[in-house]
DNA sequence: GTCTATACCGCGATAGAC
DNA sequence: GTCTATCGCGGTATAGAC
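Protein chains in written order, with the working numbering: chain A, 1 to 217; chain B, 1001 to 1217.
This is the structure:
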């Protein structure tokens, strides 16, 4: 008796019928594109993109290889979707951090940027993890590396400005400082688990604290 | 005990004949095992181990696939040799740093260890880079990860002791401190070039300086 | 130490039924 | 949305000549 169309019944000619806005998995399989993407990203991160075959992903989902191709045109298209998610997130985060602290000293902007980077990294952990492991093996991967380099350069600019303004130590090349800072931030993907005991606020505070004040007591 | 054929032969007789200690490439090809290994590690680091085929390596060396198998039993045997080099180096470095600073405060030991880690990472950069990218996709890779974890635990112990001795900030979990410290150190493999303008001494000083004193001026 | 030739397998991807 | 079946390619690895 419960008919899905019930709600749309009344108007004379409901030319736009059923169309369930958000598909929910039914019987057993029946995956949507985003679910396939999440599982793929997880597998890619566990085994590496190249070491993961379409069949591995199919087995993980409990379906066959061919079914994957209903959701994505190719293996590389899955990677593309994942990398776009990570890069869009990072772009937005860097822009937002820059905007929110526009008139402050570069030192404060840098600190805000580092904390924002930690938060975005945590929020999109799987996709960012995948991004950070890309080696540039295809035009697609190279394009992702280019976008990433562009983001890194924006961050390096803030570091340089903070040194120029005299708030950061100047006994180390600003370029090196930049590498060390974001090297530490990026290394979080190798061990941090968002559902573990450490909140992203605690983590961001720890990273910023260690970086800016140092380890000494 | 160690029996290397000729070496054990006749004491008193300088019986060590031709045996070109270091083989030099002759006509054109004619590689020795170590050269093949170096080139393989470089390729693996550029493209990723899984994305690199034996044929890629053969083309890079200017020989054919089959010739590779004269030097190594299998592709995985090449990886094994590389990972052993990295792990042996790290093991030795950690042990040496621990030994040299045995009676000093943990804070000093930690600083010495960080600097030693930077130096060994630079000295064996290609092999260590490869090690840090291993995902555990085979029993061999898992064994490497196990050895690496063991080393990481030794380092974490020094950090914990330094916190206990009251020399390190205690507002951050020692385990997290350890991850951040060696995350920064390990991230060097993603950008540092030993033959660039930055010496390994400068680099070690920069890393230790930033980590222990912080970025502030 | 390298070559040619080849075995064998799993990969990404497609066609078409249900 | 998933299935079975299949294609063609490139992967690791081996055999045996030079």
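Built from N, CA and C at the ideal position, the CB exists for glycine as well.
Small disclaimer: the values here were computed from a predicted structure and weren't measured.
By how many angstroms is the C-alpha of residue 1038(B) removed from the C-alpha of residue 194(A)?
One C-alpha to the other measures close to 38 Å.
May I have a chain-ordered list of the alpha helix (DSSP H) segments no shorter than 4 residues that lie completely inside the stretch 98 to 162 of chain A?
Whole alpha helix (DSSP H) segments, 4+ residues: 106 to 123, 125 to 133.
How about residue 1177(B) and residue 1094(B): do their beta carbons lie closer than 8 Å?
No, they are not a contact pair.
Can you pull the chain B neighbours of residue 214(A), defined as C-beta to C-beta under 9 Å?
Here the neighbours are 1169, 1209, 1210, 1211, 1212, 1213, 1214, 1215, 1216.
Could you check how far apart the C-beta atoms of residue 1208(B) and residue 1122(B) are, in whole angstroms? I think they sit under 8 Å.
Not confirmed; about 14 Å, so no contact.
Thinking just about the alpha-carbon of each residue, which of 170(A), 73(A), 96(A) is nearest to the one in residue 1217(B)?
For residue 1217(B), the nearest C-alpha among the options comes from 170(A).
State yes or no: is the beta carbon of residue 1047(B) nearer than 8 Å to at least one beta carbon in chain A?
Yes, because at least one Cβ of chain A sits closer than 8 Å to the Cβ of residue 1047(B).
Checking 8 Å against the spacing of the C-beta atoms, do residue 125(A) and residue 1215(B) come in under that value?
No, they are not a contact pair.
Between which two residues does the alpha helix (DSSP H) carrying residue 193(A) extend?
No alpha helix (DSSP H) holds residue 193(A); DSSP gives it neither H nor E.
Can you check whether the C-beta of residue 1180(B) is within less than 8 Å of a C-beta belonging to chain A?
Chain A, which has a Cβ nearer than 8 Å to the Cβ of residue 1180(B), makes this yes.
Could you tell me the distance, in whole angstroms, from the CA atom of residue 157(A) to the CA atom of residue 1132(B)?
Approximately 28 Å between the Cα atoms of the pair.
Are the beta-carbon atoms of residue 1073(B) and residue 1138(B) separated by less than 8 Å?
Taking 8 Å as the Cβ cut-off, residue 1073(B) and residue 1138(B) do not qualify as a contacting pair.
In the stretch 184 to 195 of chain A, which residues sit with their C-beta less than 9 Å from some C-beta in chain B, listed in chain order?
Going along the stretch 184 to 195 of chain A in chain order, one finds 184, 185, 186, 187, 188, 190, 191, 192 with a Cβ nearer than 9 Å to chain B.
Got a sec: is the Cβ-Cβ distance from residue 1089(B) to anything in chain A below 8 Å?
No, no contact with chain A.
Assign residue 1168(B) to one of three DSSP states: helix, strand, or coil.
Three-state DSSP puts residue 1168(B) in a strand.
From the beta carbon of residue 147(A), is the nearest beta carbon of chain B less than 8 Å away?
Not one chain B Cβ lies under 8 Å of residue 147(A).
Is there a Cβ from chain B that is less than 8 Å from the Cβ of residue 135(A)?
For residue 135(A), the answer is yes, since a Cβ of chain B falls inside 8 Å of its Cβ.
Anyone know if the C-beta pair for residue 1285(B) and residue 1130(B) falls short of 8 Å?
No answer is possible for residue 1285(B): it lies beyond the span of chain B, which begins at 1001 and ends at 1217.
Considering only the alpha carbon of each residue, which of 1196(B), 1036(B), 1185(B) lies closest to residue 1070(B)?
Comparing Cα-Cα distances from residue 1070(B) to each of 1196(B), 1036(B), 1185(B), the minimum goes to 1036(B).
Check whether the Cβ of residue 177(A) lies closer than 8 Å to any Cβ atom in chain B.
It does: the Cβ of residue 177(A) has a partner Cβ on chain B nearer than 8 Å.
In chain order, what residues of the stretch 48 to 79 of chain A put their CB closer than 7 Å to some CB of chain B?
Residues 48, 50, 51.
What residues of chain B sit near residue 206(A), judged by a beta carbon separation below 9 Å?
Going along chain B in sequence order, the residues near residue 206(A) (Cβ under 9 Å) are 1171, 1172, 1173, 1176, 1177, 1180.
Along the chain, where does the alpha helix (DSSP H) that runs through residue 1202(B) open and close?
Its alpha helix (DSSP H) spans residues 1200 to 1213.
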